[in-house]
Each structure stands twice: as C-alpha cells, then as structure tokens.
Amino acid sequence: MDYFLKYFLFLCNLLFTVLGLVVLGLGFWGLISKESFAQEKIGNIGTDPMLALVSLGFLLTLLCLSGCVGAIRENCFLLKAFSFAVLALISVQVLIAILAYGMQDQIGGYLRSGMLAAMARYQDDLDLRFIADEIQSNLQCCGADTYRDWEINIYYNCSAPGVLACGVPATCCVDPLENGTVWNSQCGVGAQLLDEFTAQSVVFLGGCLGGISRWIEQHEALIGTAAVVVLGVQIVAVFISTRLLESIRWHKVDNLYLKNRRAKM
Numbered sequence: 001m002d003y004f005l006k007y008f009l010f011l012c013n014l015l016f017t018v019l020g021l022v023v024l025g026l027g028f029w030g031l032i033s034k035e036s037f038a039q040e041k042i043g044n045i046g047t048d049p050m051l052a053l054v055s056l057g058f059l060l061t062l063l064c065l066s067g068c069v070g071a072i073r074e075n076c077f078l079l080k081a082f083s084f085a086v087l088a089l090i091s092v093q094v095l096i097a098i099l100a101y102g103m104q105d106q107i108g109g110y111l112r113s114g115m116l117a118a119m120a121r122y123q124d125d126l127d128l129r130f131i132a133d134e135i136q137s138n139l140q141c142c143g144a145d146t147y148r149d150w151e152i153n154i155y156y157n158c159s160a161p162g163v164l165a166c167g168v169p170a171t172c173c174v175d176p177l178e179n180g181t182v183w184n185s186q187c188g189v190g191a192q193l194l195d196e197f198t199a200q201s202v203v204f205l206g207g208c209l210g211g212i213s214r215w216i217e218q219h220e221a222l223i224g225t226a227a228v229v230v231l232g233v234q235i236v237a238v239f240i241s242t243r244l245l246e247s248i249r250w251h252k253v254d255n256l257y258l259k260n261r262r263a264k265m
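Residue numbering for the sequence shown follows the numbering used here, beginning at 1 and increasing consecutively.
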C-alpha cells in the first residue's frame with residue numbers, strides 16, 4: 001500500500017507540476033507579447049494581470065515539485081514542506097469561503113466597482129478589454145447595469161469628439177457580424193442615444209452584473225462540486241504525504257534496530 005501511495009502521490013504532483021509550468025509559460029508569454037518588459041512599461045508591470053498568472057504558475061510548480069521529489073526520493077523535509085503548504089492552502093480556501101458567505105451583500109458592490117473600472121480603462125488596458133469583451137459576448141450583456149453605463153468611458157462618452165461618442169463596444173451588439181461573416185466594429189455607434197425599445201434590436205439591454213448572477217445560479221451545483229473535489233484532492237494529498245512520512249520513520253527505526261542487533265551479535 002505504501003509503495004502504491006508513493007507513486008500515486010508522485011504522478012499526481014508530476015501532473016500538476018506540468019500544469020504549473022504551462023500556466024507559468026502562459027504568463028510570461030502574455031508579458032512578452034504585450035512588451036511589458038519595455039522600458040516605458042516596466043513601471044506598471046506590478047499591476048499587469050499576467051503577473052498573477054506568473055505568480056500562480058510559479059507557486060503551483062514549486063509546491064507540486066516539492067511533493068513530487070519528496071515522494072519519489074522519500075525526503076522527509078520536502079514531504080513536510082509539501083504537507084504544511086497544502087494545509088495552509090486549505091485553510092486559506094476555507095477562510096475565503098467563509099468570508100465570501102458572510103459578505104454576500106458587499107460582493108455585488110465590489111463586482112460593480114470592478115466592472116466599471118474595467119469599462120473606464122477599456123481602451124487603455126488590453127487585458128481589461130479582453131475580460132470585458134469576453135463577459136459581454138458570452139453572457140450577452142452590455143455594461144454593468146445597462147448599456148448606457150459605457151458613458152463612463154472617455155471615448156464612449158457623449159461629450160467625446162471621436163466617432164465612438166455615445167456608442168458601445170461591438171461585443172454589446174446583438175449581431176456584430178456584417179452579412180454574417182465580417183466583424184463590424186462600428187455596430188454599436190450611437191447606441192446610447194437610442195431608447196430601450198429601439199436599442200433592443202441593436203445591443204443587449206441587460207447589464208453584465210445580472211448576467212453573472214444568473215450564470216452563478218445556473219451553475220452553482222457544478223461550482224460547488226468542483227470546489228468539493230479540489231478540496232478533497234488536497235486533503236487526500238495531505239493524508240498520503242503524512243502516511244508516507246510515518247512509513248519512512250518506521251523504516252528508519254527498523255533499519256536502526258537491525259543495525260544495533262547485528263552490532264551486538
């Protein structure tokens with residue numbers, strides 16, 4: 001059984017080590033492709049969302065690599081470090097779940113503030129633009145509460161001098177494809193000037209906060225199951241590493257006993 005657990009822990013950690021390296025590589029690829037290391041941009045690299053991917057990938061790789069090497073080499077120090085790290089991770093996740101449950105009323109306000117901030121910086125931050133576009137196109141929504149929320153953006157504000165004034169992004173459009181094939185980036189021009197009855201055939205009227213809430217309600221069983229599975233995997237990993245540590249200690253005691261017995265003979 002200990003032999004099986006040893007290689008099971010090794011293979012699981014090896015799989016997640018590869019996953020961590022992939023996430024780390026994606027993070028660096030994002031930073032390089034956006035030229036975030038350029039001299040004029042290096043000062044803002046601390047707020048780059050790709051840095052979160054780099055950090056997550058590095059920590060995941062380091063954690064799983066310690067469990068991987070600790071299991072295959074039967075290294076007590078690495079197995080202890082792996083167990084303590086996973087236990088700390090479990091504690092943090094439980095704490096976040098408790099805080100999220102206790103702050104349900106405030107979460108909506110935080111989401112609204114985040115969405116409005118992303119909309120305000122839509123033209124200036126490629127990452128925020130990507131996130132906003134993905135949310136709007138996938139959830140078929142526009143703005144935080146309504147399509148007129150895009151007035152918060154200086155380019156889509158009705159007082160702006162450009163062609164985008166009083167408009168919305170193309171991902172707000174009901175049918176952004178011209179003739180069914182060509183992406184029409186100007187389909188949302190002037191949408192804020194339209195009344196709701198006229199606008200409903202051009203853009204999505206509903207805000208994305210409501211869309212996010214509905215999506216969570218529709219998938220709450222799947223989200224809960226995924227959370228339980230992830231937590232269960234971490235608990236099993238701690239159990240296996242603890243079992244291996246006990247087995248290694250007993251083997252060391254047995255070996256010491258045999259050596260002393262042979263010495264006396």
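Yeah, the Cβ is synthetic: ideal placement off N, Cα and C, and Gly gets one too.
Bear in mind the structure is a predicted one, so any value in this text is a computation, not a measurement.
- Listed in chain order, the non-local C-beta contacts of Ala71 below 6 Å within the same chain comprise Lys6, Leu9, Phe10, local neighbours out to five positions each way being set aside.
- Between Glu151 and the set Leu139, Ile212, Ala165, Ala97, the nearest pair of CA atoms involves Ala165.
- The C-alpha of Arg243 is placed about 42 Å away from the C-alpha of Ser213.
- Distance from Leu209 to Leu111 at the Cβ level is roughly 6 Å; contact confirmed, criterion being Cβ atoms closer than 8 Å.
- In this chain, the alpha helix (DSSP H) harbouring Val69 covers 50-73.
- Here Phe239 is actually not in contact with Cys142; their C-beta atoms are around 48 Å apart, not less than 8 Å.
- The beta carbons of Phe77 and Gly67 sit no closer together than 7 Å.
- Counting only residues of its own chain and dropping the five nearest sequence neighbours on each side, Leu21 has a CB closer than 8 Å to the CB of Gly57, Thr61.
- Straight across, the Cα-Cα distance linking Pro169 with Gly25 is about 31 Å.
- Rounded to whole angstroms, the gap between the alpha carbons of Val236 and Val86 is 10 Å.
- Our two residues, Val94 and Tyr101, have alpha carbons roughly 11 Å apart in a direct line.
- Under the three-state reduction of DSSP output, Cys187 falls in the coil class, being neither helix nor strand.
- Gly114 carries a helical assignment under DSSP once its states are collapsed to helix, strand and coil.
- The C-alpha of Leu245 is placed about 8 Å away from the C-alpha of Lys80.
- Linking Val233 to Ser201 through their CA atoms gives a straight-line distance of about 47 Å.
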